[in-house]
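Notes to accompany the following structure.
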Amino acid sequence: MHNDNNIPEKLLKPYSAKDTESRIYEAWLDSGFFNPDICVEKGVTKADAEPFSMVLPPPNVTGTLHTGHALMLVIEDIMTRYARMQGKRTLWLPGTDHAAIATQSKVEKILEKEEGKRKQDLGREEFLARVNKFAQESHDTIVGQAKRMGASLDWSREAFTLDATRNLAVRTAFSRMYKDGLIYRGHRIVNWDPKGQTVISDDELVYEERKSKLYTFKYSKDFPISISTTRPETKVGDTAVAVDPTDERYKQYVGKEYDAVFCGVPIHIKIVADESVEKDFGTGALGVTPAHSQIDAEIATRHNLPTIQVINEYAKMMIGGENLLGKKVTEARETIVQWIRDEGLMEKEEDVTQNVSTAERTGAIIEPLPKLQWFINVNKPIADRGNKTLKELMLAPIREKQIEILPDRFENVYYNWVNNLRDWCISRQIWYGHRIPVWYDKDGAIHLPKERRVLLARHGESEANSLRLFAGGKSQSPLTDTGRAQAKELGQKLKSENVTKIISSNLPRARETAEIIAREIGLDPQSIEEWADYREYEVGDLENTPWPEKGIPFRTAIESQKGENLAQIEQRVISVFKKLESVETEGTLLMVGHNGFNCCMKAHIEGVQKERFVEFAELCTMENASTHEFMLMHNPSGEGLTQDEDTLDTWFSSGLWTFSTLGWPQKTHDLKMFHPTSVLETGHDIIFFWVARMILMSTYLLGEIPFKTVYFHGLVRDEKGRKMSKSLGNIVDPITLIDKYGTDALRMAMIVGVGPGSDSNLGEEKIKAYSKFANKLWNIARFVMENTSKLDTTTTHTLDTEDQATIDEINALLKEITKEMNEYKFYLVAEKLYHYTWHTFADVVIERSKNKIANGTGSESAQQMLVTALPLLLRALHPFMPYITEELWNTVYNEKNLLLVEEWPCKI
RNA sequence: GCGCGAUUAGCUCAGUUGGUAGAGCAACUAAUUUACACUUAGAAGGUCGGGGGUUCAAGUCCCUCAUCGCGCACCA
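Using our numbering, read the first sequence as starting at 414 and increasing by one per residue.
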């Protein structure tokens, strides 16, 4: 491996990212240090260290990662690695988003193209299976790509917006909001996407400027007032004409009603006076179409006007004679315009540009339609939250500086949006997503899932406990007197907990504890259900043998492999939870069982992987007669109940992301430790979709902010500053760039000079430049190694003035950049490190040291300086260029620890 | 209509609280086997979008105009 100079062979060749990166990533994964718990267990992080947590904005499972995702991963990984090196208890939590409409329409397109089928041809179940398969494949691609970016994500906590844990969160959130009257079902004018066949929210609209015509005409010859419109086809649905109350021209007509036949359709028009009408616009009179305009619907409500729907879900006319019925709105428009002209009713045809609402995902022109949908009321005062509305809850944390937004100019954008916010439509007529957790019975009454509180309890002290002997799933060891007293005391405590049902393990120590409790709280001991499945884990012939001197019995039992293995225990845990779903009781459910098995139950609730049950059990050992609370959500069941067919807006589940990923609604250890999260890093294009909704959900459901700082990154454009798009053919695949130049080079190119919120141009030249830098660093390491291999490292050599000045200079730089790291100025830090390493350290310091080492005078000082300086630079560069720095640190220099968990080289 | 951002070398962009204009790339001149040719040294290149103001001093602060980009609102 080593040549004469004791230099590793690989160091003699140029740096090869290809041969290095995957190997290093594997080493990081093997270490487990992406998981903060393992960092604590292995002693690289102090248990009482300050937590740092961040959720990954979950990429949509619609395909692959693009350069925008790459930038996001780079910035967040820099934040994460920096925090980890500072010794913080660091969690960066990965996940993906089911992106309901986007994913479903993608699969629909593929289905149409490859098989010529529509989703209805497959049916809901089969179609969803296809979507799930597609989502799984996308997910795998995305995860693979994130790993290649070097992302130090804790994969053991990976979440999906549509998995079981997140579904529990969604049902809980929905039920609580419904209970508080924040979620309601109502008839409203909604944004209907005729192509996607679903309702969408105001935020999913894209306004496109189009040329169109403004027509001014009368409904009929003897109608007294002219009106203007760009959509004559909707006028067959008019039920009123509204005028400004102060408009002298029309005052005489207000309150009068007229009949007319408009293009063959009989209409009945009432003249009303309404404040919302501007008398200077057009004719100063507004034809009111309550079914197809938001504003008109509001006027109609105020004046009690009838609503006539004339356009259907396919954007076709649903009224009129042969000339109109079933025609597309565009055709109907021409027909009606021609009719107006023919009748001599047209007064003016003007060219105007107008903003047309289109659907973000499908591009279809939105048709405002009256529909029965689910909404979130943003203006209702909430008793539990100081009578504040959701709107106010969203504004307060920013105003009160609890949440810092970087760059701060986005604060105004945020305020602007919240203040203009209308009720949020959350139901979608698509199949892929969380089903709305509402059931209807035969009479149409609404039923929601119910929350059930469960208390896990451990039995009182048993004889085996007191003798420190193993007592597993077969032990018949009875309670001691102490144990009975403990059980009685627990019963006293539980009196106020409204326990209405008790389930017990079938072993005597649990059963006896349960019976004592039952008597204390006034329940019939006969009513206790005994579940053999809920017994303690099996320990085989360890039964009744003494506990180990060191460590916990659970670990010893598992490692002895004499009883049940983890897979068997997990199976049993799952079956107990399954059984719990069908338990009916009004109040709190008490489960009396055992330490080991209860810990596994807790681990399951917290989402701990079974491989880590043992470590988890060590953390959460239950004392005799202690309890642990969790909740279950029961969907309504019974004859004739049907669930709402619609699904939820994908942003509903995304809004819960900072805490649903940490196990909410369970009161998990993760939730306590890591929420509110430290930072949210994301693109400023989703400030409304996502950031605002997370603040809404978190402040309402948890009463706390979801994150302390929001860091927005900008758009990544191509080298010419153009937006990357399929039609321009200028989309760059980050993986191609990595293959060519290495991840470290791409990371540096993406970060240098790119401040928060500003767009950046990514050109290949820039990446190439940083791949050269990687090689430079490689050769610096080689030089240092070659020239210091004979240095006696057992003593520290004194530095001369010049070399001491170099070290001082580096420390000053480190101090400067540490301050900038804390201010999120990564773009500056990366550039400064690059510049110092190359143009000062390599070009000046190393050149100077060459002479000294060759001449012999000051040789030891120079060598000592080099071996001191290089590790400082490697540490500081690690968050930016993790692979090459780790390779130099771990493989070449053969340091004991991974650089990943080494200390950041400067403390302030 | 309201608001935000950008305008600095040929190109892409830095420039922290006002204190003598900076980097990378490109182009130019040289070095020639070196820790590194994925190299080094050097020179060249800018009235910091226009105009006005505050100040001893403005790329930086204020006003105004222009161009480009973006967001929101209005859309009868």
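Don't be surprised by glycine CBs; every beta carbon is placed ideally from N, CA and C.
Indicate the three-state DSSP secondary structure (helix, strand or coil) for residue 575 in the structure shown.
coil
Straight-line gap, residue 620 to residue 1017 (C-alpha atoms, nearest Å):
47 Å
Inspect the beta-carbon positions of residue 1100 and residue 1111 and report whether they are closer than 8 Å.
no
Please report how far the alpha carbon of residue 1322 lies from the alpha carbon of residue 1188, in whole angstroms.
As shown, the chain starts at 414 and ends at 1321. That puts residue 1322 outside it, with no answer to give.
Reduced DSSP secondary structure (H/G/I, E/B, other) of residue 852:
strand
Based on the DSSP output, what are the partners of residue 1302 in its beta bridges?
DSSP lists no partner for residue 1302.
Once DSSP output is grouped into helix, strand and coil, what is the label at residue 1033?
coil
Under the three-state reduction of DSSP, which class applies to residue 481: helix, strand or coil?
helix
Coarse secondary structure for residue 1145, derived from DSSP in three states:
coil
Ordered list of beta strand (DSSP E) runs contained in the stretch 803-883, each at least 3 residues:
817-819, 863-871
Own chain, CB closer than 6 Å to residue 1307, minus 5 neighbours either side, in chain order
none
Go ahead and pull the three-state DSSP assignment for residue 678.
strand
Quick one, which of 567, 526, 510 has its alpha-carbon nearest residue 579's?
510
Which runs of the alpha helix (DSSP H) at least 4 residues long sit entirely within the stretch 1085-1137? Give them in chain order.
1106-1114
Please classify residue 1046: does DSSP put it in a helix, a strand, or coil?
strand
With a floor of 3 residues, list each beta strand (DSSP E) that falls wholly inside the stretch 911-952, ordered by position along the chain.
912-918, 942-944
Round the Cβ separation of residue 652 and residue 718 to the nearest angstrom and send it over; I've been treating them as touching at under 8 Å.
5 Å
Residue(s) in a DSSP beta bridge with residue 466
504
Using CA coordinates, which residue listed in 863, 634, 828 is at the minimum distance from residue 754?
634
Close-in-space but distant-in-sequence residues of the same chain around residue 1201 (CB under 6 Å, 5 per side omitted):
1276, 1279, 1280
Do residue 441 and residue 467 count as a contact pair if the criterion is CB distance below 8 Å?
no
Out of 1142, 1144, 1090, point me to the one whose CA is closest to residue 1123's CA.
1090
Might you give, ordered along the chain, the residues of its own chain that have their beta carbon closer than 6 Å to the beta carbon of residue 444, omitting 5 neighbours on each side?
1311
Look at the Cβ atom of residue 973, then the Cβ atom of residue 955, and state whether they are nearer than 8 Å.
yes
With DSSP collapsed to three states, give me the class of residue 449.
helix
Between the beta-carbon of residue 544 and the beta-carbon of residue 574, is there less than 8 Å?
no
When the Cα atoms are used, what is the spatial distance from residue 1056 to residue 615?
26 Å
Answer yes if the stretch 1178-1185 comes into contact with the stretch 1153-1163, meaning at least three C-beta pairs across the two stretches below 8 Å, and no otherwise.
yes
Note the first and the last residue of the continuous beta strand (DSSP E) segment covering residue 700.
698-701
Does the separation of the CB atoms of residue 1296 and residue 563 fall below 8 Å?
yes
If you check the beta carbons only, do residue 1106 and residue 1173 fall under 8 Å apart?
no
Less than 8 Å between the beta carbons of residue 513 and residue 841, yes or no?
yes
Using only alpha-carbon positions, find the residue among 1290, 1264, 1256 that is nearest to residue 1243.
1290
Taking just the CA atoms, how far does residue 1257 sit from residue 1321?
28 Å
Tell me where the alpha helix (DSSP H) around residue 730 begins and ends.
Note, residue 730: premise wrong, no alpha helix (DSSP H); not H, not E.
Taking residue 807 as the reference, which of 853, 901, 1116 has the closest Cα?
1116
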